[in-house]
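*Asks:* In the working numbering, the protein residues as written are 24 to 340. For every residue, glycine included, the Cβ atom is placed at its ideal position computed from N, Cα and C. For clarity, every value in this text was computed on a predicted model and none was experimentally measured.
1. In or out: residue 305 buried (at least 16 other Cβ within 10 Å) or exposed?
2. Suppose you measure from the CA of residue 259 to the CA of residue 336; what does that come to, to the nearest Å?
3. Between which two residues does the alpha helix (DSSP H) harbouring residue 30 extend?
4. Just the C-alpha distance for residue 109 and residue 99, rounded to the nearest angstrom, thanks.
5. So if DSSP puts residue 332 in a beta bridge, which residue, or which two residues, is it bridged to?
6. What's the gap between the Cα of residue 10 and the Cα of residue 315?
7. Whole angstroms is fine: what's the gap from residue 220's alpha carbon to residue 193's?
8. Applying the 10 Å Cβ sphere with the 16-neighbour rule, what's the burial state of residue 275?
9. What did DSSP end up calling residue 234 once you bin it into helix, strand or coil?
10. Could you give the C-beta distance for residue 285 and residue 340, rounded to a whole number, given that I count them as a contact under 8 Å?
11. Work out the CA separation of residue 172 and residue 301 for me, nearest whole Å.
12. Output the boundary residues of the beta strand (DSSP E) element that contains residue 323.
13. Enumerate in chain order the residues of its own chain whose CB-to-CB distance from residue 28 is below 7 Å, with the five nearest sequence positions on each side excluded.
14. So what's residue 287 in DSSP terms, helix, strand or just coil?
15. For the beta strand (DSSP E) containing residue 255, list its first residue and its last residue.
16. Look at the Cβ atom of residue 290, then the Cβ atom of residue 224, and state whether they are nearer than 8 Å.
17. So residue 47 packs on residue 31, CB below 8 Å; how close in whole Å?
18. For residue 273 and residue 246, which I take to be in contact (beta-carbon distance under 8 Å), what is that distance rounded to the nearest angstrom?
19. Which of helix, strand or coil does DSSP assign to residue 104?
20. Is residue 313 helix, strand or coil by DSSP?
21. From the DSSP output, in three-state form, read off residue 318 for me.
22. Pull up the DSSP beta-bridge partners for residue 280, would you.
23. Would you identify the three-state DSSP class for residue 274, choosing helix, strand or coil?
24. Helix, strand or coil for residue 82 per DSSP?
25. Rounded to a whole number of angstroms, what is the C-alpha to C-alpha distance between residue 107 and residue 136?
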């Protein structure tokens, strides 16, 4: 009994739970009933405490094991989600690259299509210009030259009257040649455009015709796009040529005004006038309409004019 008690005390000092229980069991066997009962109660309490502690430890271990397992599952889930996210990002970048490549290819194709279209348009313009010049030379110049040559060959040029007539015919041919050249010359579109335009209009002044311009300097030509300056010049040139050939006018007035961010040009002469459709078809003003429409402009003919010919055209500045 003494050794068992000593063992129990040492086990208690060392906190050796299992050894304490063994010593208590030994003391229960060796002692009488009263003392044995106390040892039994102590053994039960100690066993219950140990059971609770071990159960708690077991539960904690199970929780740790569960948490660890859950963490592993969550970690695996996150890895899978990250992998899927990376794959989606790669797919997105891949398709974005394909779309960008297709867009770039489309832009390149569009560039070449536009370039080819412009080339064809330029070729057509060149062809139309050459055709127009050839037609003018054939219709207006060739006959005059032939008539001059025939007159010079068949007539007695010692006669002063016939000589003067020949000189007048040659002057007429020269003027027609100059007109054709002037109609197809390059156009000054820089800071001197205003003076260049005024000079062209003033060249039609003669003893039978007075050309008047209004507010031409009120327009800031330096802010206007080059293609629009060319259209203004060519349209007015076409109108002046048409007037000079067909209208028999003595006065021609050309006015310029800015209306709601648009340049409006008003043309009027006191010539014989004509119906609008005949003017366009007969006198070649179809080019005028085409040029104005090319710059988003609008042309209006005055059908109510009793005498002379009037029109106006405008386009955005």
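*Replies:* Short version:
1. Indexing the chain shown from 1 puts residue 305 at position 282. Because residue 305 sits at a pLDDT of 43, beneath the cut-off of 50, its placement in the model cannot be relied upon, and the following sentence gives the value as read from the coordinates. By the neighbour-count rule (16 or more Cβ atoms within 10 Å), residue 305 is not buried but exposed.
2. Against the chain shown, residue 259 aligns to sequence position 236. Against the chain shown, residue 336 aligns to sequence position 313. Their Cα atoms are separated by approximately 10 Å.
3. On the chain shown, position 7 is the one that residue 30 refers to. 25-36 is the span of the alpha helix (DSSP H), which, as asked, contains residue 30.
4. Residue 109 sits at position 86 when you count from the first residue of the chain shown. Residue 99 sits at position 76 when you count from the first residue of the chain shown. Computed Cα separation, rounded: 15 Å.
5. Translated into the one-based positions of the chain shown, residue 332 becomes position 309. 292.
6. Residue 10 lies beyond the stretch modelled for the chain, which goes from 24 to 340, so this question has no answer here.
7. Numbered from 1 along the chain shown, position 197 holds the residue referred to as residue 220. Numbered from 1 along the chain shown, position 170 holds the residue referred to as residue 193. C-alpha separation (whole angstroms): 28 Å.
8. For the purposes of this step, residue 275 is taken as residue 252 along the chain shown, with counting starting at 1. Buried, because 16 or more other Cβ atoms sit within 10 Å of the Cβ of residue 275.
9. Mapped onto the chain shown, residue 234 falls at position 211. Note: residue 234 maps to strand in three-state DSSP.
10. Against the chain shown, residue 285 aligns to sequence position 262. Against the chain shown, residue 340 aligns to sequence position 317. Sure, about 6 Å apart at Cβ, within 8 Å.
11. Along the chain shown, one-based indexing puts residue 301 at 278. Along the chain shown, one-based indexing puts residue 172 at 149. Since pLDDT at residue 301 reaches only 48, below the 50 mark, its modelled position is unreliable, and the value read off the structure follows with that caveat. Rounded to whole angstroms, the gap between the alpha carbons of residue 301 and residue 172 is 34 Å.
12. Here residue 323 is taken as the residue at index 300 of the chain shown, counted from 1. 321-324 is the extent of the beta strand (DSSP E) around residue 323.
13. Locating residue 28 in the chain shown gives position 5, counting from the first residue. Closer than 7 Å at the Cβ level, and outside the excluded window around residue 28, lie 50.
14. Here residue 287 corresponds to residue number 264 of the chain shown, with the count starting at 1. Residue 287 falls in the strand class under three-state DSSP.
15. By 1-based counting over the chain shown, the position of residue 255 is 232. That residue, residue 255, is in no beta strand (DSSP E); its alpha helix (DSSP H) goes 249-265.
16. Taking the first residue of the chain shown as 1, we reach residue 290 at position 267. Taking the first residue of the chain shown as 1, we reach residue 224 at position 201. The answer is no: Cβ separation not under 8 Å.
17. Along the chain shown, one-based indexing puts residue 47 at 24. Along the chain shown, one-based indexing puts residue 31 at 8. Indeed, because the Cβ distance is near 6 Å, the residues count as touching under 8 Å.
18. Here residue 273 is taken as the residue at index 250 of the chain shown, counted from 1. Here residue 246 is taken as the residue at index 223 of the chain shown, counted from 1. In fact, because the Cβ distance is near 35 Å, the residues do not count as touching under 8 Å.
19. On the chain shown, position 81 is the one that residue 104 refers to. Residue state, collapsed to three classes: helix.
20. Position 290 of the chain shown, counted from the first residue, corresponds to residue 313. Residue 313: helix per DSSP, three-state reduction.
21. For the purposes of this step, residue 318 is taken as the residue at position 295 of the chain shown. Coil, per DSSP.
22. For this step, residue 280 is matched to residue 257 along the chain shown. According to DSSP, residue 280 bridges with 287.
23. Here residue 274 refers to the residue found at position 251 of the chain shown. Three-state result, residue 274: strand.
24. Position 59 of the chain shown holds residue 82. Residue 82: helix per DSSP, three-state reduction.
25. Here residue 107 refers to the residue found at position 84 when the chain shown is read from its first residue. Here residue 136 refers to the residue found at position 113 when the chain shown is read from its first residue. Roughly 42 Å separates the two Cα atoms.
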